[in-house]
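Asker: Please see the structure below; I have some questions.
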Amino acid sequence: MVPRNVPHHLLPRVAIVGRPNVGKSALFNRLVGGNRAIVVDEPGVTRDRLYGRSFWGEYEFMVVDTGGVLMPSKSQEDVIEDLNVSTTIGMEGIPLAAREAAIARMPSQIERQAARAVEESSVIVFLVDGQAGPTAGDVEIADWLRKNYSNKNIILAVNKCESPRRGLIQASEFWSLGFSPIPISAISGTGTGELLDLVCAGLTRPEDPADPEEEAGSYIPSIAIVGRPNVGKSSILNALVGEDRTIVSPVSGTTRDAIDTEFTGPDGQKYRLIDTAGIRKKAAVASSGSTTEALSVNRAFRAIRRSDLVALVIEALACITEQDYKIAERIEMEGKGCLIVVNKWDTIPNKNQQTSTFYEQDVRQKLRNLHWAPIVYASAISGQSVDKIIIAAGIVEKERSRRLSTATLNQVVSEAVAFKPPPRTRAGKRGRVYYCTQAAIRPPTFVFFVNDAKLFSDTYRRYMEKQLRSDAGFSGTPIRLLWRSRRKMDKGSAAGKTRGTASTSQRKEAAVM
Numbered sequence: 001m002v003p004r005n006v007p008h009h010l011l012p013r014v015a016i017v018g019r020p021n022v023g024k025s026a027l028f029n030r031l032v033g034g035n036r037a038i039v040v041d042e043p044g045v046t047r048d049r050l051y052g053r054s055f056w057g058e059y060e061f062m063v064v065d066t067g068g069v070l071m072p073s074k075s076q077e078d079v080i081e082d083l084n085v086s087t088t089i090g091m092e093g094i095p096l097a098a099r100e101a102a103i104a105r106m107p108s109q110i111e112r113q114a115a116r117a118v119e120e121s122s123v124i125v126f127l128v129d130g131q132a133g134p135t136a137g138d139v140e141i142a143d144w145l146r147k148n149y150s151n152k153n154i155i156l157a158v159n160k161c162e163s164p165r166r167g168l169i170q171a172s173e174f175w176s177l178g179f180s181p182i183p184i185s186a187i188s189g190t191g192t193g194e195l196l197d198l199v200c201a202g203l204t205r206p207e208d209p210a211d212p213e214e215e216a217g218s219y220i221p222s223i224a225i226v227g228r229p230n231v232g233k234s235s236i237l238n239a240l241v242g243e244d245r246t247i248v249s250p251v252s253g254t255t256r257d258a259i260d261t262e263f264t265g266p267d268g269q270k271y272r273l274i275d276t277a278g279i280r281k282k283a284a285v286a287s288s289g290s291t292t293e294a295l296s297v298n299r300a301f302r303a304i305r306r307s308d309l310v311a312l313v314i315e316a317l318a319c320i321t322e323q324d325y326k327i328a329e330r331i332e333m334e335g336k337g338c339l340i341v342v343n344k345w346d347t348i349p350n351k352n353q354q355t356s357t358f359y360e361q362d363v364r365q366k367l368r369n370l371h372w373a374p375i376v377y378a379s380a381i382s383g384q385s386v387d388k389i390i391i392a393a394g395i396v397e398k399e400r401s402r403r404l405s406t407a408t409l410n411q412v413v414s415e416a417v418a419f420k421p422p423p424r425t426r427a428g429k430r431g432r433v434y435y436c437t438q439a440a441i442r443p444p445t446f447v448f449f450v451n452d453a454k455l456f457s458d459t460y461r462r463y464m465e466k467q468l469r470s471d472a473g474f475s476g477t478p479i480r481l482l483w484r485s486r487r488k489m490d491k492g493s494a495a496g497k498t499r500g501t502a503s504t505s506q507r508k509e510a511a512v513m
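Letter by letter, the sequence shown follows residues 1 to 513 of full-length UniProt numbering.
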């Protein structure tokens, strides 16, 4: 299936729950395939909720991996063993009593993570380990689901059933949990087609927009202003909107919440600006002992997730740190458009024509995962070049919303392959690209239909991305390249598929590759 351009927050959700180490992450990766997962961090929680976009047949949905569910009856020692943590790792400088209190809170925090994922989902996949058989933890989770979520569609999937015949025997042991078991193997893919059929039977599809032009006209891009503390994020927001919308202070952490402000740019385009708390290293947040700051950091990452564009603010005189790189990594991971704002540019002494060139080289080297992001040099206090931020944001938004025709796209791909064919393997096999199509925008997503996806190395995939950017643009936005294996087809069939969408059976095949 070629995914529709439906915002992820409008898609139905499917939660994967279960004990630790039953294969939830493997199943998540199987269902999501090549799509990038969205990582949602919660303060003080050692397991995150992972969100990934998936599709099966005519259905598209979000898959949520909750991490290990730990029930309240577990002892503190069991919790530490399950999480594979100690009270000392990553907690240097924190008093022993505080460490022990943090460990004691972990069960309720992790269960709360799972509960939130389940509450927001239409379908729950309860995953168990077929090789281990039913355990007390499985029974407790089953009771928890029946008691609190009997109104939802619950599917009991028995994982690690690689052999179909043996899998039926393994699955039969789980009838005692009160749900109808289905044997699967997340690693090999056995049974996942039947599982997805059951999942989709419990989903409702979001309606397609009745009037795309009307929807496009009402679309207001959201820009999250993020960065380390005290780099001038609030000053930039105030300079853009022309009023003191947020508290501006030299004290780190004065912005406690993600604050939304709407304003109209010089070209008449409306924007929604999100000012966020400064993002500090997790260890620094933990050592500060501030619950408010921890919540603020979490809101900042949530702001990135719900934004369309991100303005990553760095200070001109400050060194680019590993934490800046981590923020950049989060932006790229979530597929957001981005521009890098070098604030306080007026504080650089003795600037000349070479200054910005040398500075850009340093930024590109240290924030190499944002090599595609434009750089704007500005000063929020003096107002110097602040208008260029919105101009750059407008260009980025147009680039990430751009769609290439299939003919143009395949011409670019053909020229790239002709210039540098995929290398042969030691066995003499060579990758072959049948055709390529753009599946989505925001971010631009391209699906390459090839003879065998395994024949295309990471190096060659990076080369193809570089050629797409060189020939087609897409400045300021990450692009996604998905590679789908297909059986060799005749020329006429390939041309037909270039003009139309894939059949239902082919879409199902692509979803689980």
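Glycine included, C-beta positions come from ideal geometry on N, C-alpha and C.
Could you check what DSSP says for L312 in three-state terms: helix, strand or coil?
Answerer: Numbered from 1 along the sequence shown, position 312 holds the residue referred to as residue 312. Three-state result, L312: strand.
Asker: Whose C-alpha, out of R165, K147 and F126, is nearest the C-alpha of L156?
Answerer: Within the sequence shown, the letter at position 156 stands for residue 156. The shortest C-alpha separation from L156 is found at F126.
Asker: Here's a check: name, in chain order, each residue in its chain whose Cβ is nearer than 6 angstroms to the Cβ of R302, leaving out the five neighbours to either side.
Answerer: Translated into positions along the sequence shown, residue 302 becomes position 302. Answer for R302: no residue qualifies.
Asker: Excluding sequence positions up to five away, which residues of its chain have a Cβ less than 6 angstroms from the Cβ of R19?
Answerer: Reading the sequence shown from its first residue, position 19 is the one you call residue 19. Excluding sequence neighbours, R19 sits near G137.
Asker: By the three-class DSSP mapping on this structure, what secondary structure does S475 have?
Answerer: In the sequence shown, counting from the first residue as 1, residue 475 sits at position 475. Coil at S475, not helix or strand.
Asker: If you follow the alpha helix (DSSP H) that L31 is part of, which residue opens it and which one closes it?
Answerer: Taking the first residue of the sequence shown as 1, we reach residue 31 at position 31. That run of the alpha helix (DSSP H) goes K24 to V32.
Asker: Going by beta carbon distance, what residues of the same chain come within less than 8 angstroms of A26, once the five residues before and after it are set aside?
Answerer: Within the sequence shown, residue 26 is the residue found at index 26, counting from 1. Closer than 8 angstroms at Cβ, skipping near neighbours: N159, A186 and I187.
Asker: Apart from the five residues just before and just after E399, which ones in its own chain have a Cβ nearer than 7 angstroms to its Cβ?
Answerer: Taking the first residue of the sequence shown as 1, we reach residue 399 at position 399. Correct list, in chain order: G473, F474, S475, G476 and T477.
Asker: Among G33, R403 and K326, which residue has its Cα nearest to the Cα of Y51?
Answerer: The sequence position of residue 51 within the sequence shown is 51, counting from 1. Per the Cα distances, G33.
Asker: Taking its Cβ as the centre, do 16 or more other Cβ atoms sit within 10 Å of Y59, making it buried, or is it exposed?
Answerer: Here residue 59 refers to the residue found at position 59 of the sequence shown. With 16 or more Cβ atoms within 10 Å of its Cβ, Y59 is classed as buried.
Asker: DSSP three-state call for N369: helix, strand or coil?
Answerer: Within the sequence shown, the letter at position 369 stands for residue 369. Helix.
Asker: How far does the beta strand (DSSP E) with N238 in it extend, from its first residue to its last?
Answerer: Indexing the sequence shown from 1 puts residue 238 at position 238. Note, N238: premise wrong, no beta strand (DSSP E); alpha helix (DSSP H) at K233 to V241.
Asker: DSSP on E120, reduced to helix/strand/coil?
Answerer: Sequence index remark: in the sequence shown, residue 120 carries index 120 (1-based). Three-state DSSP puts E120 in coil, outside helix and strand.
Asker: Could you tell me the distance, in whole angstroms, from the CA atom of N35 to the CA atom of Y325?
Answerer: In the sequence shown, counting from the first residue as 1, residue 35 sits at position 35. In the sequence shown, counting from the first residue as 1, residue 325 sits at position 325. Only weak support is given to the placement of N35: the predicted model assigns it a pLDDT of 41, under 50, and the value that follows is read from those uncertain coordinates. Approximately 22 angstroms, taken between the alpha carbons.
Asker: Here's the rule I'm using: 16 or more other beta-carbon atoms within 10 Å means buried, otherwise exposed. How should R30 be labelled?
Answerer: Locating residue 30 in the sequence shown gives position 30, where the first residue counts as 1. Counting Cβ neighbours within 10 Å, R30 comes out buried, since at least 16 surround it.
Asker: Please classify G431 as buried or exposed, where buried requires at least 16 neighbouring CB atoms within 10 angstroms.
Answerer: Here the question's residue 431 lines up with position 431 in the sequence shown. Per the 10 Å Cβ criterion, buried.
Asker: Which whole-angstrom value is the C-beta distance of D346 and S379, which I expect to be below 8 angstroms?
Answerer: The residue given as residue 346 occupies position 346 in the sequence shown. The residue given as residue 379 occupies position 379 in the sequence shown. The Cβ separation is near 4 angstroms, so the contact holds.
Asker: Kindly list the residues whose CB is nearer than 7 angstroms to the CB of R364, restricted to its own chain and excluding five residues on each side of it in sequence; keep chain order.
Answerer: On the sequence shown, position 364 is the one that residue 364 refers to. The residues are H371.
Asker: Measuring straight from C-alpha to C-alpha, what distance separates I225 and V63?
Answerer: Position 225 of the sequence shown holds residue 225. Position 63 of the sequence shown holds residue 63. Using only the alpha carbons, I get a separation of about 28 angstroms.
Asker: Reducing DSSP to helix, strand and coil, say where R302 ends up.
Answerer: By one-based count along the sequence shown, residue 302 stands at place 302. Three-state result, R302: helix.
Asker: With DSSP collapsed to three states, give me the class of L468.
Answerer: For this step, residue 468 is matched to residue 468 along the sequence shown. Residue state, collapsed to three classes: helix.
Asker: Could you tell me which residues DSSP puts in a beta bridge with D65?
Answerer: Mapped onto the sequence shown, residue 65 falls at position 65. Note: D65 sits in a beta bridge opposite I16 and L50.
Asker: Can you grab the Cα-Cα spacing for the pair I327 / G227, in whole Å?
Answerer: Within the sequence shown, residue 327 is the residue found at index 327, counting from 1. Within the sequence shown, residue 227 is the residue found at index 227, counting from 1. If I take the Cα positions, the gap works out to 7 angstroms.
Asker: Only counting runs of 4 or more residues, tell me where the alpha helix (DSSP H) segments fall wholly within the segment 342-412, in order along the chain.
Answerer: List check, alpha helix (DSSP H) in window: 353-366 and 387-400.
Asker: Nearest by alpha-carbon distance to I320: which of I340, I331, M333 and T445 is it?
Answerer: Taking the first residue of the sequence shown as 1, we reach residue 320 at position 320. Residue I340 is the option with its Cα nearest to I320.
Asker: Out of K454, T357 and E334, state which residue places its alpha-carbon closest to the alpha-carbon of R484.
Answerer: Within the sequence shown, numbered from 1, the residue matching residue 484 stands at position 484. Comparing Cα positions, the closest option is K454.
Asker: With a threshold of 16 other CB atoms inside 10 Å of the CB of I103, please say whether the residue is buried or exposed.
Answerer: For the purposes of this step, residue 103 is identified with residue 103 of the sequence shown, where counting begins at 1. For I103, the pLDDT reaches just 47, beneath the cut-off of 50, and the residue's location in the model is therefore unreliable, although a value from the coordinates is still provided. Its Cβ being crowded by 16 or more others within 10 Å, I103 is buried.
Asker: Please state the DSSP three-state secondary structure of C436.
Answerer: Translated into the one-based positions of the sequence shown, residue 436 becomes position 436. Here C436 sits in strand by DSSP.
Asker: With a 10 Å radius around its C-beta and 16 neighbouring C-beta atoms as the bar for buried, classify D129 as buried or exposed.
Answerer: Looking up residue 129 in the sequence shown gives position 129. By the neighbour-count rule (16 or more Cβ atoms within 10 Å), D129 is buried.
Asker: Taking the beta strand (DSSP E) that L156 falls in, what are its first and last residues?
Answerer: One-based indexing of the sequence shown puts residue 156 at position 156. Element bounds for L156: N153 to N159.
Asker: Give, in chain order, every unbroken run of the alpha helix (DSSP H) that is at least 4 residues long and sits entirely within the segment 125-153.
Answerer: Counting whole runs of 4 or more residues, the segment 125-153 contains the alpha helix (DSSP H) stretches 136-149.
Asker: Look at the alpha carbon of L309 and the alpha carbon of C338, and state the distance between them as a whole number of angstroms.
Answerer: The sequence position of residue 309 within the sequence shown is 309, counting from 1. The sequence position of residue 338 within the sequence shown is 338, counting from 1. Roughly 5 angstroms between the two C-alpha positions.
Asker: Is it true that the CB of L404 sits closer than 9 angstroms to the CB of P374?
Answerer: As a working mapping, residue 374 is identified with position 374 in the sequence shown. As a working mapping, residue 404 is identified with position 404 in the sequence shown. For P374 and L404, no; Cβs fall outside 9 angstroms.
Asker: Cα-Cα, which of G335, S235 and Y271 is closest to S314?
Answerer: Within the sequence shown, the letter at position 314 stands for residue 314. A small fix is needed here, since residue 314 is Ile in this sequence, not Ser. Nearest C-alpha to I314: S235.
Asker: Tell me whether S172 sits in a helix, a strand or coil according to DSSP, three-state version.
Answerer: Taking the sequence shown and counting its residues from 1, one reaches residue 172 at position 172. Residue state, collapsed to three classes: helix.
Asker: State yes or no: is the C-beta of I182 nearer than 8 angstroms to some heavy atom of the ligand SAM?
Answerer: This structure simply doesn't include the ligand SAM, nor any ligand for that matter.
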